[in-house]
Amino acid sequence: MTRRDVFLSGAALACAAQSGRAAAPRNICISSANGLRATQRAMDLLKQGADTLDAVIAGVNIQELDPEDTSVGYGGLPNEEGYAELDASVMHGPTRRCGSVAAVRSCRTPSKLAKLVMEQTDHIMLVGPNADRFAVEMGFPAESLETEKSRLAWLVWKQSMRDKAGHSNWGPGLDSGPPAKPLAGLKKIFPHADDDLLAWAYQKALHPPTGTINCLALNTKGEMSGTTTTSGMAWKIPGRVGDSPIIGAGVYVDQDVGAAGSTGRGEENIRIAGAHTVVENMRHGMSPKDAGLDALKRIARNFKNDKDWLKAVDIQFYALRNDGEYAAVTLWKGNARFAVNDGGQSRHEPCAWLLD
Ligand code: ASP
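Quick note: the sequence shown, position 272, residue 379 per our numbering, numbers continuous.
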């Protein structure tokens, strides 16, 4: 160690003390609520000395391969045409490298594929049929992603689309303005339906189910990695890519500071480059919780802080600092939780929220 190194590490410690940070990193994994098994597996691997990226990928693979999770990997809810399309990203703190894939239709573990894009190519992102082709070239079997359950769900949704005046993905989106009396229009189409039922049906059509898994890890050496993997928004237009595979939105890692990821409505996350924003906020001294809440405030601002307009938005951020401090935040007050493992059994902890 040179005298300059000694000086710099001393300065870093002083800085850490001022901001209330613990000095030494520790093994810890956090994840979206569906990540109890992921964080457990990732922690087991961290304890065995595995690389942080290998640990989080092995964790989320459980969810990707679980047909009962209809928001990730195999069994993910399909797009408009009835095909699931998967998005995933990975970021490796020690090498500062990253990779991602989008709109993958025949590889059940897109997080592994994203890592291969990172390791085996000079590129960062591969999309669509060429990402599938790359998967086959890398030795993955070309497998269908649909299950009986996800196919049935698609058929039911398709039935509900028979009336072309109903909801579709086409036309101005949520970001174009608050919906103007949508129920009045629906009432004309379904004059006999009662108002509550119409309101419920409208909400279901307007908010296609989403879901994703993000997993972040830190080890005792201070190394960090993250991954996010998803089947994206159900019933999306084929080719729609959400935030999950976008480096800086779905995931971001700078182990000099920390890591962040997101689940929920990807369009809103992309508009604020959420994961990068959260990491930058931590770099400038915010706690993980405040860093996430600030990102949510930027989303609320994009909706002119109009709570009626924002009702349609569901989004979470997960933040892990390089000293092991962590938090998860969600836009709306409720029972949202996230998964944590700091060395024992994985557990759920409550998310902080921005709006009542
Ligand atoms: N963020 C994902 C997307 O927009 C979906 C989700 O997390 O629910 O594709």
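Ideal Cβ positions, reconstructed from N, Cα and C, are used throughout, including at glycine.
- Per DSSP, the beta-bridge partners of R454 are V447.
- Remark: fewer than three beta-carbon pairs, one from each stretch, lie closer than 8 angstroms, so the segment 382-400 and the segment 199-212 are not flagged as touching.
- Put simply, the segment 324-338 touches the segment 179-197. At least three CB pairs are less than 8 angstroms apart.
- Following the DSSP letters along the chain, one finds L427 inside the beta strand (DSSP E) bounded by residues 422-428.
- Judged by beta-carbon spacing, S218 lies beyond the 8 angstroms limit of E188, meaning their Cβ atoms are not closer than that value.
- Taking the Cβ atoms as the reference, L220 lies roughly 11 angstroms from V234, outside the contact range of under 8 angstroms.
- DSSP, read as helix, strand or coil, puts A367 in strand.
- Under the three-state reduction of DSSP output, W342 falls in the coil class, being neither helix nor strand.
- Restricting attention to V163, S213, G355, the CA atom closest to the CA of R240 is found in S213.
- Look at M340: its beta carbon is less than 7 angstroms from one of the heavy atoms in the ligand ASP.
- Spatial neighbours of M389 in its own chain (CB-CB distance under 7 angstroms, excluding positions within 5 residues in sequence) are listed in chain order as V364, G365, P395, A398, A426, R428.
- Distance from the CA of M245 to the CA of L223, rounded to the nearest whole angstrom, comes to 8 angstroms.
- A check of alpha carbon separations from S251 across G318, Y190, A242 identifies Y190 as the nearest.
- Short of 8 angstroms from the beta carbon of Q452, and not among the five residues preceding or following it, lie these beta carbons of its own chain, in chain order: Q147.
- Only residues of its own chain outside the window of five on either side were considered, and among them K396, L400, A434, V436 have a CB closer than 7 angstroms to the CB of A459, listed in chain order.
- In the structure shown, V386 adopts helical secondary structure according to DSSP, grouped into three states.
- In terms of CA proximity to T159, K328 leads the group H455, A249, K328, T319.
- Just measuring C-alpha positions, the residue of L403, A195, I422 sitting nearest R444 is I422.
- Closest option to M331, judged by alpha-carbon separation, among K414, G381, A157: A157.
- Straight through space, the alpha carbons of T334 and A356 are spaced by roughly 11 angstroms.
- Contact check for V167 against A145 passes: the beta carbons are separated by less than 8 angstroms.
- For M150, the uninterrupted alpha helix (DSSP H) segment begins and ends at 143-154.
- For W439, the beta-bridge partners assigned by DSSP are L462.
- Short note on G373: C-beta closer than 7 angstroms to some heavy atom of the ligand ASP.
- In the DSSP assignment, R258 forms no beta bridge with any residue.
- According to the DSSP assignment, T319 belongs to the beta strand (DSSP E) that extends over 319-325.
- In chain order, V179, G180, Y181, G182 place their CB closer than 8 angstroms to the CB of D173, counting only its own chain and leaving out the 5 sequence neighbours on each side.
- Contact between C322 and S138 holds, since their C-beta atoms are separated by about 4 angstroms, short of 8 angstroms.
- Cβ-Cβ distances below 6 angstroms link T216 to N168, E171 in the same chain, with the five nearest sequence neighbours on each side left out; the list follows chain order.
- A straight-line Cα-Cα distance of about 9 angstroms links W342 and K265.
- The nearest non-hydrogen atom of the ligand ASP is less than 7 angstroms from the C-beta of D194.
- DSSP lists V211 as the bridge partner or partners of L193.
- Look at A434 here: in three-state DSSP terms it is strand.
- Cβ-Cβ separation between D176 and N141: approximately 6 angstroms, consistent with a contact (criterion under 8 angstroms).
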